[in-house]
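Quick notes on the structure that follows.
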Amino acid sequence: MKYSVEKIFISVLTVLSFVHLAKAATCETSNSSILCNPLKAESFTGFLEVVSKLAVEIGIPVAVLFIIYAGLKLVMARGNEDEIKKAKESLTWAIIGSGILIGAWTIMKILESTVKSLG
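Anchor point for the sequence shown: position 113 equals 151 in the numbering used here, and the numbering is continuous, going up by one each time.
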(Lines of atoms letter the chains of each structure in order from A; the text may use other names.)
(Lines give C-alpha, C1' and ligand atoms only; values in the text may rest on other atoms or scores of the structure.)
Protein backbone atom coordinates (compact mmCIF):
# COMPACT_ATOMS: atom_id res chain seq x y z
CA MET A 39 0.00 0.00 0.00
CA LYS A 40 2.79 2.41 0.90
CA TYR A 41 4.51 1.87 -2.43
CA SER A 42 1.35 2.59 -4.41
CA VAL A 43 0.58 5.82 -2.50
CA GLU A 44 4.11 7.10 -3.13
CA LYS A 45 3.85 6.09 -6.78
CA ILE A 46 0.55 7.97 -7.20
CA PHE A 47 1.98 11.01 -5.41
CA ILE A 48 5.05 11.13 -7.66
CA SER A 49 2.86 10.68 -10.75
CA VAL A 50 0.62 13.60 -9.76
CA LEU A 51 3.63 15.82 -9.09
CA THR A 52 5.10 14.91 -12.47
CA VAL A 53 1.89 15.77 -14.30
CA LEU A 54 1.49 19.06 -12.43
CA SER A 55 5.05 20.11 -13.20
CA PHE A 56 4.45 19.91 -16.97
CA VAL A 57 1.07 21.66 -17.13
CA HIS A 58 2.55 25.11 -17.67
CA LEU A 59 4.63 24.04 -20.66
CA ALA A 60 1.48 24.09 -22.79
CA LYS A 61 1.17 27.85 -22.20
CA ALA A 62 4.63 28.45 -23.66
CA ALA A 63 3.76 26.51 -26.83
CA THR A 64 1.08 28.94 -27.99
CA CYS A 65 1.87 31.90 -30.25
CA GLU A 66 -0.52 34.51 -31.62
CA THR A 67 1.32 35.24 -34.87
CA SER A 68 0.81 33.22 -38.02
CA ASN A 69 4.31 34.01 -39.33
CA SER A 70 6.49 31.01 -38.55
CA SER A 71 9.77 32.94 -38.97
CA ILE A 72 9.06 35.16 -35.94
CA LEU A 73 9.93 33.88 -32.50
CA CYS A 74 7.27 34.56 -29.92
CA ASN A 75 8.05 35.84 -26.48
CA PRO A 76 6.95 32.92 -24.28
CA LEU A 77 6.98 35.07 -21.14
CA LYS A 78 4.71 37.76 -22.58
CA ALA A 79 6.75 40.31 -20.62
CA GLU A 80 8.04 43.49 -22.20
CA SER A 81 9.82 44.89 -19.13
CA PHE A 82 11.64 43.76 -16.02
CA THR A 83 8.57 44.36 -13.88
CA GLY A 84 6.51 42.30 -16.31
CA PHE A 85 9.10 39.54 -16.00
CA LEU A 86 8.83 39.68 -12.20
CA GLU A 87 5.05 39.43 -12.46
CA VAL A 88 5.27 36.38 -14.72
CA VAL A 89 7.84 34.64 -12.53
CA SER A 90 5.93 35.28 -9.30
CA LYS A 91 2.64 34.15 -10.84
CA LEU A 92 4.24 30.98 -12.21
CA ALA A 93 5.91 30.20 -8.87
CA VAL A 94 2.61 30.55 -7.04
CA GLU A 95 0.63 28.58 -9.65
CA ILE A 96 3.04 25.67 -9.41
CA GLY A 97 4.10 25.97 -5.78
CA ILE A 98 0.72 26.16 -4.06
CA PRO A 99 -0.63 22.86 -5.50
CA VAL A 100 2.69 21.14 -4.79
CA ALA A 101 2.68 22.44 -1.21
CA VAL A 102 -0.89 21.24 -0.72
CA LEU A 103 0.02 17.81 -2.10
CA PHE A 104 2.98 17.55 0.27
CA ILE A 105 0.77 18.47 3.23
CA ILE A 106 -1.78 15.84 2.15
CA TYR A 107 1.03 13.31 1.71
CA ALA A 108 2.31 14.05 5.22
CA GLY A 109 -1.23 13.57 6.53
CA LEU A 110 -1.47 10.23 4.74
CA LYS A 111 1.84 9.18 6.27
CA LEU A 112 0.48 10.13 9.69
CA VAL A 113 -2.66 8.04 9.17
CA MET A 114 -0.69 5.11 7.77
CA ALA A 115 1.66 5.15 10.79
CA ARG A 116 -1.06 3.37 12.82
CA GLY A 117 0.44 4.24 16.19
CA ASN A 118 4.02 3.31 15.31
CA GLU A 119 6.07 5.98 17.10
CA ASP A 120 8.91 6.01 14.54
CA GLU A 121 6.50 6.41 11.63
CA ILE A 122 4.55 9.12 13.47
CA LYS A 123 7.81 10.99 14.07
CA LYS A 124 8.68 10.75 10.36
CA ALA A 125 5.20 11.92 9.37
CA LYS A 126 5.36 14.89 11.72
CA GLU A 127 8.77 15.78 10.33
CA SER A 128 7.36 15.60 6.79
CA LEU A 129 4.47 17.85 7.80
CA THR A 130 6.86 20.32 9.42
CA TRP A 131 8.99 20.54 6.29
CA ALA A 132 5.91 20.88 4.08
CA ILE A 133 4.74 23.83 6.17
CA ILE A 134 8.23 25.36 6.16
CA GLY A 135 8.32 25.00 2.37
CA SER A 136 4.92 26.67 2.10
CA GLY A 137 6.18 29.52 4.25
CA ILE A 138 9.25 29.92 2.04
CA LEU A 139 7.00 29.98 -1.03
CA ILE A 140 4.77 32.68 0.46
CA GLY A 141 7.83 34.63 1.61
CA ALA A 142 9.40 34.47 -1.84
CA TRP A 143 6.14 35.64 -3.42
CA THR A 144 5.99 38.55 -0.96
CA ILE A 145 9.57 39.54 -1.74
CA MET A 146 8.82 39.39 -5.47
CA LYS A 147 5.79 41.66 -5.01
CA ILE A 148 7.87 44.13 -2.97
CA LEU A 149 10.60 44.12 -5.63
CA GLU A 150 8.00 44.54 -8.35
CA SER A 151 6.42 47.56 -6.67
CA THR A 152 9.84 49.08 -5.93
CA VAL A 153 10.99 48.74 -9.54
CA LYS A 154 7.68 50.16 -10.81
CA SER A 155 8.01 53.18 -8.52
CA LEU A 156 11.59 53.82 -9.69
CA GLY A 157 10.61 54.12 -13.29
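Positions of the beta carbon are idealized from the N, C-alpha and C atoms, including for glycine.
Item: In angstroms with no decimal places, state the Cα-to-Cα distance between Met114 and Trp131.; Value: 18 Å
Item: Find the nearest neighbour of Ile46 within the set Ala79, Asn75 and Tyr107, judged by alpha-carbon distance.; Value: Tyr107
Item: Rank Val100, Lys126, Leu156 and Ile122 by C-alpha distance to the C-alpha of Val53 and give the top, closest one.; Value: Val100
Item: According to DSSP, simplified to helix, strand and coil, what is Lys111?; Value: helix
Item: Starting from the N-terminal side, write out each stretch of the alpha helix (DSSP H) that is 4 residues or longer and does not extend beyond the region 84-156.; Value: 119-156
Item: For the putative contact between Gly97 and Leu139, defined by C-beta atoms under 8 Å, what is the C-beta separation to the nearest angstrom?; Value: 4 Å
Item: Look up Lys45 in the DSSP assignment and say whether it is helix, strand or coil.; Value: helix
Item: Please classify Ser81: does DSSP put it in a helix, a strand, or coil?; Value: coil
Item: Can Met146 and Leu86 be called in contact, C-beta distance under 7 Å?; Value: yes
Item: Whole angstroms is fine: what's the gap from Gly109's alpha carbon to Ser155's?; Value: 43 Å
Item: Could you compute how far the alpha carbon of Phe82 sits from the alpha carbon of Leu103?; Value: 32 Å
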